[in-house]
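Structure, as structure tokens:
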Amino acid sequence: MRTSCRRLRSELQAFGKLLEGEQGGRLIAELQWLGAAVGEVRDLDVLRERLEKGESEEDRLALKPLFDRLADRHTRAARAMKRTLKGERFEALLTAIRGALDNPPLAPKASKPCRKVLPPLVAGAWKRLRKDSEELRSDSPDQAFHDLRKRAKRARYTTELIAPTLGSSVEKQAKRLIELARTTQDVLGAHQDAVVAVDEVEAMLAEAGLDDAFRKAAGELLERLRREADESRDAFLAELQPKLEKKKNRGRLKAGG
Numbered sequence: 023m024r025t026s027c028r029r030l031r032s033e034l035q036a037f038g039k040l041l042e043g044e045q046g047g048r049l050i051a052e053l054q055w056l057g058a059a060v061g062e063v064r065d066l067d068v069l070r071e072r073l074e075k076g077e078s079e080e081d082r083l084a085l086k087p088l089f090d091r092l093a094d095r096h097t098r099a100a101r102a103m104k105r106t107l108k109g110e111r112f113e114a115l116l117t118a119i120r121g122a123l124d125n126p127p128l129a130p131k132a133s134k135p136c137r138k139v140l141p142p143l144v145a146g147a148w149k150r151l152r153k154d155s156e157e158l159r160s161d162s163p164d165q166a167f168h169d170l171r172k173r174a175k176r177a178r179y180t181t182e183l184i185a186p187t188l189g190s191s192v193e194k195q196a197k198r199l200i201e202l203a204r205t206t207q208d209v210l211g212a213h214q215d216a217v218v219a220v221d222e223v224e225a226m227l228a229e230a231g232l233d234d235a236f237r238k239a240a241g242e243l244l245e246r247l248r249r250e251a252d253e254s255r256d257a258f259l260a261e262l263q264p265k266l267e268k269k270k271n272r273g274r275l276k277a278g279g
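Position one of the sequence shown corresponds to residue 23 (the working numbering), numbered consecutively onward.
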């Protein structure tokens, strides 16, 4: 459901120039709310998997206070998610989506041929991705790499959505772009997961009352997580950033005759 929310938000944003009125903006805002409401449970699953990865049984036992805390948060998040999905706001969002499907708020430009209107939307998504990528350096804030991952996801979704409407002549190019965006997502996703895990461990280490076994295991875990974050960031800068700057990867899909 979270993935569906993200994809629909991305598509509404991509087609923003073809919609009129405020309905699209309201749907985007509500989809963002829903994605956050159902996403915490999955975020905690990913975080626990990242923290447990590669740890020995002895270290897992030493880190039990950390895993117990995550389990408690997971329980609370699951309860909150269930309340959300039974709530009036969620039902109102579903009703609004059904209404938009039945009567889409299309602007006059949407009636023009897709081969003229849609390719610039793909190129625009890739232009924003490329611009943000060019600004990244090894000392850029972690948040900047996370934001770029979201840009890559939007470029991928936009390409996946529009390319099939432009004919077989763009199939090969679109496939290459989609794979590049997906790889960028994966590498920067690994970076973000490691960064989030580092923050979680550091926050707990700052507390009092933890035994030496926990502090030792947590310190070793932090070293691994920081190394993984550095490796993912360096892999993006060395391998993917240059690819995003290439002319052939600017998202300029040209429909056939």
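Think of the CB as a built atom: it goes at the ideal place given N, C-alpha and C, for glycine as much as any other residue.
Here the structure is a predicted model, which is why all the values come from computation and not from measurement.
Answer with buried or exposed for R178, where buried requires no fewer than 16 other C-beta atoms within 10 angstroms of its C-beta. With 16 or more other Cβ atoms within 10 Å, it is buried.
Delimiting residues of the alpha helix (DSSP H) encompassing V217: E193 to L227 is the extent of the alpha helix (DSSP H) around V217.
Would you say the beta carbon of D161 comes nearer than 7 Å to a heavy atom of the ligand SAH? The ligand content of the structure shown is nil, which means the ligand SAH is not present either.
May I ask you to report which of helix, strand or coil DSSP gives L41? strand
Quick test of the definition: if touching needs 3 or more C-beta pairs under 8 Å, does the segment 61 to 71 touch the segment 87 to 100? With the rule of 3 Cβ pairs closer than 8 Å, the segment 61 to 71 counts as touching the segment 87 to 100.
Candidates I50, L73, Q35 and G47: which alpha carbon is nearest R248's? L73
Output the distance between the C-alpha atoms of E229 and V220, rounded to the nearest integer angstrom. 15 Å
Quick check: the segment 234 to 242 against the segment 152 to 165, are at least 3 beta-carbon pairs closer than 8 Å? no
DSSP-derived helix/strand/coil call for L275: Three-state DSSP puts L275 in coil, outside helix and strand.
Tell me whether the segment 163 to 182 and the segment 28 to 47 touch, counting them as touching only if at least three CB pairs, one residue from each stretch, are closer than 8 Å. Flag = yes, the segment 163 to 182 and the segment 28 to 47 touch.
Output the distance between the C-alpha atoms of S78 and D234, rounded to the nearest integer angstrom. 17 Å
Quick test of your reading: Q45 and A132, contact by CB under 8 Å. State the CB separation rounded to the nearest angstrom. Wrong, their Cβ atoms sit about 14 Å apart, outside the cutoff.
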